[in-house]
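Notes follow the structure.
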Amino acid sequence: MIGKMLSKTRLKTASKTDERVCLMNEIILGIQVIKMYTWERPFTELAQAARSLEIRCIKISSIFKGIMASFIMFSTRSSLFLTILGYVLFGNAITAQKVFMLTNYYNVLRLTMTVFFPQGLAFLAETKVSIQRLTEFLLHEEVAPRESVAAYKRNADPNSQDIICVEKGTAKWTDFMADNIFSDLNINVRAGSLVAIIGPVGCGKSSILQALLKELPLKSGTLTVKGTVSYASQEPWLFTGSLRQNILFGQNMDKIRYKTVVDKCALRRDFTLLSNSDKTVVGERGASLSGGQRARINLARAVYKRADIYLLDDPLSAVDPDVGKQLFKSCIKEFLRHKTVILVTHQLQYLQDVDHIIIIDNGYIQAQGTFRDLQASGLNFAKLLTSENDFVEVESAEAVNRRMSIQMCAQRKDSIVGMQRKMSVQLASQRRESIISIQSDDIMDPGAPEEKIVRGSVSGSVYTSYLKAGGNYLYIVGVILLILATQCLASFVDYFIAVWVNIEHERSIGFTDEHFRNRTIYFSTESAILIYSGVSVALILTALTRSCAFFVMCATISQKLHNSMFNNLIRTTMGFFNTNNSGVILNRFSKDIGAIDERLPLALMDVLQLGMSLLSIITIIATVNYWLIIPTLVIFILFYFLRMFFLTTSRNIKRLEGVTRSPVFGHLNASLQGLTTIRAFGAQQILEKEFDGHQDLHSSAFYTFISISTAFGYFLDLFCVVYIATVTVSFLLYDTGSQGGNVGLAITQALGLTALFQWTLRQTAELENQMTSVERVLEYTHLVPEPIFESEQNQKPPPTWPERGEVKFVDLSMSYFPEDPPTLKHLSFTIKPLEKVGIVGRTGAGKSSLISALFLLAPTEGAIVIDDVVIQDIGLEELRSKISIIPQEPVLFSGTMRSNLDPFDEYDDEVLWKALEDVELKDSITDSQLGLNSKILEGGTNYSVGQRQMICLARAIVRNNKILVLDEATANVDPQTDAFIQKTIRRKFADCTLLTIAHRLNTIMDSDKILVMDAGKLVEFDHPHNLLKNKNGYFYKMVDQTGAALGNFLKNVAQTNYQKMTVKEENEKESDKSNQAEIAAPPPIKESEKIVVSVRPITSYNSTLLEEEEEDDD
1 MIGKMLSKTR LKTASKTDER VCLMNEIILG IQVIKMYTWE RPFTELAQAA
51 RSLEIRCIKI SSIFKGIMAS FIMFSTRSSL FLTILGYVLF GNAITAQKVF
101 MLTNYYNVLR LTMTVFFPQG LAFLAETKVS IQRLTEFLLH EEVAPRESVA
151 AYKRNADPNS QDIICVEKGT AKWTDFMADN IFSDLNINVR AGSLVAIIGP
201 VGCGKSSILQ ALLKELPLKS GTLTVKGTVS YASQEPWLFT GSLRQNILFG
251 QNMDKIRYKT VVDKCALRRD FTLLSNSDKT VVGERGASLS GGQRARINLA
301 RAVYKRADIY LLDDPLSAVD PDVGKQLFKS CIKEFLRHKT VILVTHQLQY
351 LQDVDHIIII DNGYIQAQGT FRDLQASGLN FAKLLTSEND FVEVESAEAV
401 NRRMSIQMCA QRKDSIVGMQ RKMSVQLASQ RRESIISIQS DDIMDPGAPE
451 EKIVRGSVSG SVYTSYLKAG GNYLYIVGVI LLILATQCLA SFVDYFIAVW
501 VNIEHERSIG FTDEHFRNRT IYFSTESAIL IYSGVSVALI LTALTRSCAF
551 FVMCATISQK LHNSMFNNLI RTTMGFFNTN NSGVILNRFS KDIGAIDERL
601 PLALMDVLQL GMSLLSIITI IATVNYWLII PTLVIFILFY FLRMFFLTTS
651 RNIKRLEGVT RSPVFGHLNA SLQGLTTIRA FGAQQILEKE FDGHQDLHSS
701 AFYTFISIST AFGYFLDLFC VVYIATVTVS FLLYDTGSQG GNVGLAITQA
751 LGLTALFQWT LRQTAELENQ MTSVERVLEY THLVPEPIFE SEQNQKPPPT
801 WPERGEVKFV DLSMSYFPED PPTLKHLSFT IKPLEKVGIV GRTGAGKSSL
851 ISALFLLAPT EGAIVIDDVV IQDIGLEELR SKISIIPQEP VLFSGTMRSN
901 LDPFDEYDDE VLWKALEDVE LKDSITDSQL GLNSKILEGG TNYSVGQRQM
951 ICLARAIVRN NKILVLDEAT ANVDPQTDAF IQKTIRRKFA DCTLLTIAHR
1001 LNTIMDSDKI LVMDAGKLVE FDHPHNLLKN KNGYFYKMVD QTGAALGNFL
1051 KNVAQTNYQK MTVKEENEKE SDKSNQAEIA APPPIKESEK IVVSVRPITS
1101 YNSTLLEEEE EDDD
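Take the sequence shown: its letters are residues 1 to 1114, numbered as in UniProt numbering.
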């Protein structure tokens, strides 16, 4: 019955553990966004709530475990009590021979029936749960191998010259989706052609590539793909390893081809800037690289593979125009000129150079053909293609309506990584490790981060820290007293039965009552039965109370250790997450916390319980024959040295087992993240072999640990046999006149030592081995924290800060790690209040690092001053909560739309609905029955990349801060969405200081100033019109690289904006003069108010001019 209850509780606990680990995985992967949004507190509450639900299930199971752990204390004694009671009540006289033979029999069964058998039932119940979960996973639908998908080709024309042919293709990701991803799709691609697929966000472009890769099965229609396929995903997938390993990915090393690919993908200069060139080890998810570098390495991997067909999912969005032009012309057009290339892109300026264009919207092909055919067509969507100049910003009302009709797009999993993340939700782990190219002559960088292994014994501070985590010392003392009381009662029962047997024996041989009256201890048979009954019942109740209280205490300690580790983790620096694999971090939150929850309390209870039993047995034996203390001391000394010898090995092996576990999780998650890429490259066997290697390494460590534990138990048994023989022979050789009851008591107790000695010492060793998990958890409670999170009350800036939005960089330098050269070098510039500043530069120039410095995500030297407040002197919460950001990679968290927009519940529903309306998501959210409580899957995978970006924009609108940062926020969206986002930003953030990092120069050409970065230095900073006057300047060259027509358009935009800005400045000067004439000596504060009042109409006027200009452009 208890086993069944444990099985049910274990299933609930496993479910809650999965939810907690999934949440931890999301937090670790999105930690930078959490820090920039100052969402540490709501996520801390969320993690603690998930842990509380898990602990609630663990406490219920702890009660059942407590009952089972109590059996060893009272089961044999209760069985003996009932047997003797029945024997005596039937009128029989008990003797030492009968009682202690019976006692010895029960002792033989003691450990087997009260420890091993109940634990076996508990483990069997847990095993059953694990098998059920594995079975459920293994019964999921599998992807058919590529060689067995001939069903797609059944109706294909064998004489066709098309290398790709899709006829009336219809598909959806899951059967319970309301709408198809695409319907009635007809595509014919000739060998050697370059085909571009374009369309608004969420329309199904990436899903077409998934169908060609056989990842998305067709519900109807036929699909033919002739030849091998290579693939570059939309969101770059990198694993922990060298750059060369990421590019080769299991392919043979062809040095000529490799060097050519590196040059064609514009990686040569990046390699020269890295310390170990292409042997530099990149962190998890390529954390040490810029977005453009990750995209180019992802592209280089696809291009390096020799294939017939190359599927490239928007590889040009994350790079600047100069590099993008080089990639398209040099890599895609030239290097792959004889190959078939399917290019999903939002870079419409390259469409005139492709052979075929497919325009898709809402899952249907709107038009397809050559550039000239579509340019001459009468379709409304073909307005995109009317001229080169219109590539920049075109926003028709019909395009907006079409793009934002996302009732069915909201259910799509258009993102490749989206599907992979969805899979990782089910497995509750999302970790990456190295996937080493087995045929590469590469050498790993010796600086690759490795998990730390502690040496030596577990220190006493680990034990004390574990107990201190209990918090309530009175409760801990109470548990200790219950443990002592239980053992005293158990020992009294053992001693009492010996006294009772001696009295009954003397009564049976004729001793009179006068003889017994002279004794200190005497009682009748009836009294003995009552005493024995009362003490046995008290023992049962005390043992049950003790065990349940103990396990509940351990669950409380485990919860506090988890919360302490999490609180320190979320407040540590970003450098920690950049240097530590998420698999290493999650290993502590999953396996180590699991050990503290489950295995450690059992080992600790056994040590306390059996240790006291051992002490009481030795005391009883010494009382009967004090000479037995000598062999007892000898056996203890032998055991001590044997235990020390064993622990020296087992402790380190247990630590090694914990470390070798991380690569297993990491490799599995890396495989899940890049599953589509792995299958496209046919690298399954390589990955399987590497996983087997990681698993074998972990299994060998675990098997070694079990083996030495078994050997330890065997040698303990040998010494126990010698000790028991010594005790038994001592009574035979030396007649001390001991009574039969005492001799029987000593021998039966000594026989009990056979298993007890072995199990106790094994459990002391197991306790120390399991305490390594506590040791690993405590390591994370001493992480280096970020600067002060919340300022003292007297140091906090005013609640309305920043009022103006002025930002000054004063000789600022920044490096992510102390030993690395600075990423930003002596930057000094000033951004005036309400200025719109565009930040440009080659990928890896330091643009995103500039934003990291503004949010203090890395150590800085120098100062950043916002409205006369040095941000290094205030708390991070006060700083980051006052700056809004739309990040480069839109990050959503599992939960609801409301929790993603306002996790603090600070704003009314009206504010949230208004923000969604501003980004044109209100209709789709309103259509769902749950409204603001509509579900968002992990990573926002039920929304396309562009839709996720819209939600991030809505976040910024809700916060409404004076300073807004856009970190390449429109890199992954189509030009219409880009134009819509830019228009929304101009309208909603007209009174804000705006910093925009962008690769699309059209998005920042109307900025007040352009900041040009190169190799971490500021090289140019002025109005774009002024920068374009310098034909040798960096910015001029970037504009020139966009082509003649587009470059002229950008120059015209800059010139027009400059003229408007000049008019604005003249109006401000005239306004200042009129104010000074009207007021002779105004107070300072009133003068400030006058200036503010006079500026706002001009700002509004400038915004109106910008909107009029957009209409003219359209």
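Note that the Cβ used here is the ideal one computed from N, Cα and C, for glycine as well. Small disclaimer: the values here were computed from a predicted structure and weren't measured.
Locate the beta strand (DSSP E) running through residue i, then write down its first and last residues.
| i | result |
| --- | --- |
| R190 | F182 to R190 |
| H667 | Element bounds for H667: not the beta strand (DSSP E) but the alpha helix (DSSP H), I629 to Q673. |
| V865 | T860 to I866 |
| E235 | It is not in any beta strand (DSSP E) - E235 carries neither H nor E in the DSSP assignment. |
| D811 | V807 to M814 |
| E167 | D162 to A171 |
| S220 | S220 to V225 |
| A683 | Run containing A683: none; DSSP gives neither H nor E here. |
| I131 | Looking at the DSSP string, I131 is not in any beta strand (DSSP E); the run it does join, the alpha helix (DSSP H), is F117 to L138. |
| A196 | L194 to I198 |
| D313 | I309 to D313 |
| D967 | I963 to D967 |
Just to confirm before moving on: does the CB-CB distance between residue i and residue j stay below 7 Å?
| i | j | result |
| --- | --- | --- |
| R41 | E126 | no |
| Q210 | L218 | no |
| L544 | S881 | no |
| T340 | A196 | no |
| V965 | L995 | yes |
| L351 | F371 | yes |
| T830 | K847 | no |
| K305 | Q251 | yes |
Could you name the residues of the same chain whose beta carbon sits closer than 6 Å to that of residue i, not counting the 5 residues immediately before and after it, in chain order?
| i | result |
| --- | --- |
| I55 | A555 and Q559 |
| V1019 | V1012 and Y1034 |
| A318 | G291, G292, A295 and A971 |
| N1057 | D1006 |
Using a Cβ-Cβ cutoff of less than 7 Å, which residues in the same chain neighbour residue i once the five nearest sequence positions on both sides are dropped?
| i | result |
| --- | --- |
| L23 | L46, A47 and A50 |
| F249 | R301, S437, F681 and A683 |
| C265 | R296, L299, A300, V303, L327 and C331 |
| E1089 | Caution is warranted here: a pLDDT of 42 is assigned to E1089, below 50, making its placement in the model unreliable, and the coordinate value is therefore given only provisionally. None. |
| R402 | Any reading at R402 needs caution, since the residue's pLDDT is 29, under 50, leaving its predicted position unreliable; the model's value is listed next. P200, D361 and N362, listed in sequence order. |
| I839 | K847, L850, L995, T996, I997, L1011 and M1013 |
If you drop the 5 nearest sequence neighbours on each side, which residues of the same chain put their C-beta closer than 8 Å to that of residue i?
| i | result |
| --- | --- |
| E1065 | none |
| G658 | N587, K591, D592, T772, S773 and R776 |
Kindly give me the distance between the Cβ atoms of residue i and residue j, rounded to whole angstroms, as I take these residues to be in contact under 8 Å.
| i | j | result |
| --- | --- | --- |
| L850 | L824 | 7 Å |
| Y364 | S183 | 6 Å |
| L312 | L212 | With a Cβ gap of about 12 Å, L312 and L212 do not count as contacting. |
| S290 | G844 | 5 Å |
| P236 | M1038 | The Cβ separation is near 23 Å, so there is no contact. |
| N568 | S662 | 19 Å between Cβ atoms; not a contact. |
| L668 | F691 | 7 Å |
| T993 | L827 | Contact flag wrong, Cβ pair sits at about 17 Å. |
Between which two residues does the alpha helix (DSSP H) holding residue i run?
| i | result |
| --- | --- |
| residue 1139 | Outside the shown range of the chain, which is 1 to 1114, sits residue 1139, and nothing can be said about it. |
| A990 | Run containing A990: none; DSSP gives neither H nor E here. |
| A915 | D909 to D918 |
| G460 | G460 to K468 |
| A211 | K205 to L212 |
| A87 | Ala is not the amino acid found at residue 87; the sequence shown has Tyr there. Residues E40 to L89. |
| G30 | Element bounds for G30: n/a, residue is neither H nor E. |
Going along the chain, which unbroken runs of the alpha helix (DSSP H) with 4 or more residues stay wholly within the region 920 to 952?
Whole alpha helix (DSSP H) segments, 4+ residues: 922 to 927.
Just to confirm the assignment: which complete beta strand (DSSP E) runs, minimum length 3, are found wholly within the region 998 to 1063?
Listed in chain order, they are 1009 to 1014 and 1017 to 1022.
In chain order, what are the residue ranges of uninterrupted alpha helix (DSSP H) at least 4 long that sit wholly in the region 830 to 900?
Segments of the alpha helix (DSSP H) lying fully in the region 830 to 900: 847 to 854 and 876 to 880.
To test your reading of the DSSP string, which unbroken alpha helix (DSSP H) runs of 4 or more residues are found completely within the region 248 to 303?
The DSSP assignment places 255 to 264 and 268 to 273 as complete runs of the alpha helix (DSSP H) inside the region 248 to 303, in order along the chain (cut-off: 4 residues).
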